[in-house]
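Quick note on numbering: the numbering used here labels position 108 of the sequence shown as 651, and the sequence is numbered without any gaps. Here a beta-carbon is modelled for each residue, glycine too, at the ideal position from N, C-alpha and C.
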Amino acid sequence: MKILALYVERTLSMVRRIQAPFSVLSSRAHAFSFMQIPTFEPGHASGYDVTVLPNWVLSDEEREALLSASHHTNFLYDLSDLDLLQKSTVRDTMRLCRYVTVPNMYMQHEVEVALPGTHVAITPSCMDIPYFMTGNTSPRASSPCIGCVGPYDWHLVKDALYEVKMHSPKTVFLGDAGAQEVLGECITRVNLTVESYPHFLHSCLFGLAPIERARGQELLWVHEYGLLCKPVIQRRGNVLAEMRQLLFDSSYRSECGQLAHKEAKQHSAVLLADQYLKVYRKLLPILR
């Protein structure tokens with residue numbers, strides 16, 4: 544079984560769902576590989592049993608090329624950004640693929656509702672431990688930093704953040720565009736890239752990941768903090784009290800970080816990659 548993943552740029556999603564598991568499987572003598580390309584052409588998939596398209600948004604010309612190639616090649620769409628499902632162009636692309644993989648049951652249900660009759664399977668996002676360990680080489684931040692990144696419900700912690708900022712003005716809340724949109728001036732914007740992300744995690748004392756109700760959020764964001772021994776608050780109990788204790792009680796923070804690290808190791812690519820192999824072997828009769 545020869546499987547190829549095509550991608551335009553190396554993103555965090557691509558690292559979590561393609562590079563990490565495929566690299567482990569390749570090291571175990573399985574024929575998994577990936578190729579970075581600027582645009583899709585039918586010849587790219589030639590000679591492979593399955594070609595994976597992770598979160599691809601194809602142009603009209605590329606979809607025509609995919610339509611032509613789909614008559615004699617098996618394509619699989621890997622969806623990890625639920626917002627993409629709202630794009631008609633992406634749904635059209637997924638219809639041309641023989642199978643769709645997603646990170647969790649919530650997203651599986653959403654795809655099945657949006658595209659009735661589509662074959663959908665779950666493959667877990669996982670961590671490449673050596674990649675995240677590169678963050679440990681960065682210098683420590685001069686001010687206490689708290690991470691606010693990922694697809695979470697930031698309004699749930701807004702009052703607590705402003706209270707902490709009022710009484711501890713040196714505390715820095717580092718956030719992405721989604722967090723800044725909700726939390727405003729309290730957030731210092733960070734531009735997360737594949738190269739900068741491990742160093743961002745290392746700079747944080749701990750992270751926030753507030754969830755009001757399950758909407759298919761990738762919990763791997765939480766475990767990535769944990770891999771570097773950083774605890775995460777997921778809106779349980781008194782958020783303000785928990786933040787204060789993690790900020791000012793280093794022994795408590797260390798204890799929580801060690802527990803987070805123990806849990807995070809269960810989500811490494813080395814432990815989860817075989818689940819990809821099981822899914823692809825199960826799909827092969829359908830794909831053919």
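| query | result |
| --- | --- |
| Alpha-carbon to alpha-carbon, Lys825 and Leu783 | 47 Å |
| Opening and closing residue of the beta strand (DSSP E) in which Gln579 lies | 574-579 |
| Neighbourhood of Asp696 by C-beta, 7 Å cutoff - its chain only, sequence neighbours within 5 removed | Pro753, Ile754, Glu755 |
| Assigned exposure category for Asp603 - 16 Cβ within 10 Å defines buried | exposed |
| Boundaries of the beta strand (DSSP E) in which Ile546 is found, first to last residue | 545-550 |
| Close Cβ partners of Glu785 (< 6 Å) along its chain, the five nearest in sequence each way excluded | Ile776 |
| Residues bridged to Arg732 (per DSSP) | Gly718 |
| Cα-Cα separation, Arg779 to Ser613 | 47 Å |
| Contact belief for Leu748 with Cys688 at Cβ below 8 Å, rounded distance in angstroms | 6 Å |
| Cutoff 6 Å; reference Phe575; Cβ partners in own chain excluding five residues on either side | Ile546, Phe565, Leu568, Ser569 |
| Cys688, enclosing beta strand (DSSP E) - first and last residue | 688-691 |
| The stretch 704-712 in contact with the stretch 756-776 per 3-pair CB rule at 8 Å | no |
| Own chain partners of Asp624 with C-beta closer than 8 Å, once the 5 adjacent residues on each side are dropped | Ser556, Asn598 |
| Beta-carbon proximity of Val700 to Leu751, cut-off 8 Å | yes |
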